[in-house]
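In the numbering used here, the protein residues as written are 10 to 310.
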């Protein structure tokens with residue numbers, strides 16, 4: 010049985026497009042063909058083979074294969090012991106990234122997972138979600154995330170590509186933590202504890218990837234955020250300082266001048282002057298347009 014799903018406008022990061030379970034007849038095959046989305050097949054029993062990129066893989070219970078978009082593939086059930094499998098089709102901006110975390114790419118399409126009951130259980134819950142009318146799409150997306158989490162968690166970190174992917178994950182977590190908490194009195198130790206890595210290791214990894222330290226990144230983020238709110242005339246320099254995580258306005262001024270080349274007070278005066286000039290120019294343009302159209306309509310009465 011198979012169920013196809015409509016395009017999601019709500020879940021663009023990860024969207025389930027179809028799912029199903031099938032007991033294949035001996036020799037049942039599909040392809041050679043290409044797909045326009047990702048398809049994960051997981052063998053529940055029996056055996057068969059999968060072919061992609063000129064490589065043929067013999068698969069049995071507890072193994073699975075990934076079909077990537079625009080890749081020619083072919084797969085066939087064994088003639089004596091045909092496989093039964095389940096599958097999920099999906100797309101989204103985060104799909105490739107999540108699959109890389111699980112060690113799956115178009116060049117490395119095979120995975121192993123011993124707990125077939127867990128994967129089958131999520132497929133069953135997908136079918137049972139038909140009873141949800143308002144929240145089915147959200148529930149299906151959640152179940153897909155849970156299913157992929159099984160593969161990510163069980164993936165052995167062996168390839169340099171996967172290690173590189175994990176490094177990217179840690180760096181993004183640092184950046185996300187700073188984005189969410191820059192206004193608080195956070196420390197590098199706080200960030201390391203949140204991510205669950207040794208402080209020195211995390212600092213080294215971040216600097217290798219970003220070419221600046223976590224502390225420098227935090228300071229730059231805070232100062233950039235301060236620049237964004239300088240145009241709010243209702244906020245004092247001290248208010249802006251506190252808003253970006255500096256309780257000491259003098260320290261804020263020092264860091265601001267170091268990065269921006271001018272004091273917060275001088276920078277703010279320029280921002281407000283430019284804002285005022287833009288406002289005056291806009292008003293002048295509106296008056297000119299009003300004058301033009303008034304004259305035009307008087308001439309053409």
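Here a beta-carbon is modelled for each residue, glycine too, at the ideal position from N, C-alpha and C.
Report task. Let me know the secondary structure DSSP gives residue 305 once reduced to three states. Result -> Its pLDDT being 44, under 50, residue 305 is placed unreliably by the model, and nothing is read from it.
Query - Cβ pair residue 179, residue 214 closer than 8 Å - result: Contact flag set, yes.
Requested in this report: Would you identify the three-state DSSP class for residue 22, choosing helix, strand or coil?
Outcome: coil
Query raised in the report: Helix, strand or coil: which one does DSSP assign to residue 78?
Result: In the structure shown, residue 78 sits in coil (DSSP, three-state: anything other than H, G, I, E or B).
Query - Neighbourhood of residue 187 by C-beta distance below 6 Å, restricted to the same chain and skipping five residues each side - result: The answer, listed in chain order, is 227, 230.
Query - Rounded Cβ spacing between residue 164 and residue 112 (contact assumed at less than 8 Å) - result: 4 Å
Requested in this report: Leaving out five residues on either side along the sequence, give the residues of the same chain with a beta carbon under 8 Å from the beta carbon of residue 177.
Outcome: 218
Query raised in the report: So what does DSSP say about residue 276, is it helix, strand or coil?
Result: Reduced to three states, the DSSP call for residue 276 is helix.
Query - 4 or more residues per run - each alpha helix (DSSP H) lying fully within the segment 125-197 - result: 125-137, 145-163, 169-190
Query raised in the report: If you compare alpha carbons, which of 160, 105, 97, 197 is closest to residue 136?
Result: Cα-wise, what sits closest to residue 136 is 97.
Report task. Enumerate, from N- to C-terminal direction, the unbroken alpha helix (DSSP H) stretches of 4 or more residues contained entirely within the segment 192-264. Result -> Correct list: 197-204, 208-219, 223-237, 246-252.
Report task. Below 8 Å CB to CB, which residues in the same chain sit around residue 21 once its five sequence neighbours on both sides are set aside? Result -> Answer for residue 21: 101, 102, listed in chain order.
**Report entry** the segment 236-249 contacting the segment 183-200, beta-carbon criterion three pairs below 8 Å
**Finding:** no
Report task. For residue 161, I'd like the list of residues in its chain whose CB is within less than 6 Å of its CB, leaving aside the five on either flank, ordered along the chain. Result -> 110, 111
Requested in this report: Please classify residue 282: does DSSP put it in a helix, a strand, or coil?
Outcome: Helix at residue 282.
Report task. Within the same chain, show all residues whose beta-carbon is closer than 6 Å to that of residue 45, passing over the 5 residues directly before and after it, in chain order. Result -> 78
Requested in this report: Spell out a yes or no on whether the segment 24-34 and the segment 59-66 are touching, meaning 3 or more CB-CB pairs, one atom from each, closer than 8 Å.
Outcome: no
Query raised in the report: Excluding sequence positions up to five away, which residues of its chain have a Cβ less than 8 Å from the Cβ of residue 300?
Result: Note on residue 300: pLDDT 45, under 50, position unreliable in the model; no value is reported.
Query raised in the report: When the Cα atoms are used, what is the spatial distance from residue 128 to residue 236?
Result: 49 Å
Report task. Report yes if the CB atom of residue 95 is closer than 8 Å to the CB atom of residue 132, and no otherwise. Result -> Yes, they are a contact pair.
Query raised in the report: Which two residues bound the contiguous alpha helix (DSSP H) that contains residue 48?
Result: Annotation for residue 48: no alpha helix (DSSP H) segment contains it, though the beta strand (DSSP E) segment containing it runs 47-54.
Query - Proximal residues to residue 302 (C-beta, below 6 Å), its chain only, five neighbours per side dropped - result: Only weak support is given to the placement of residue 302: the predicted model assigns it a pLDDT of 43, under 50, and the question is left unresolved by the model.
Requested in this report: Indicate the three-state DSSP secondary structure (helix, strand or coil) for residue 266 in the structure shown.
Outcome: helix
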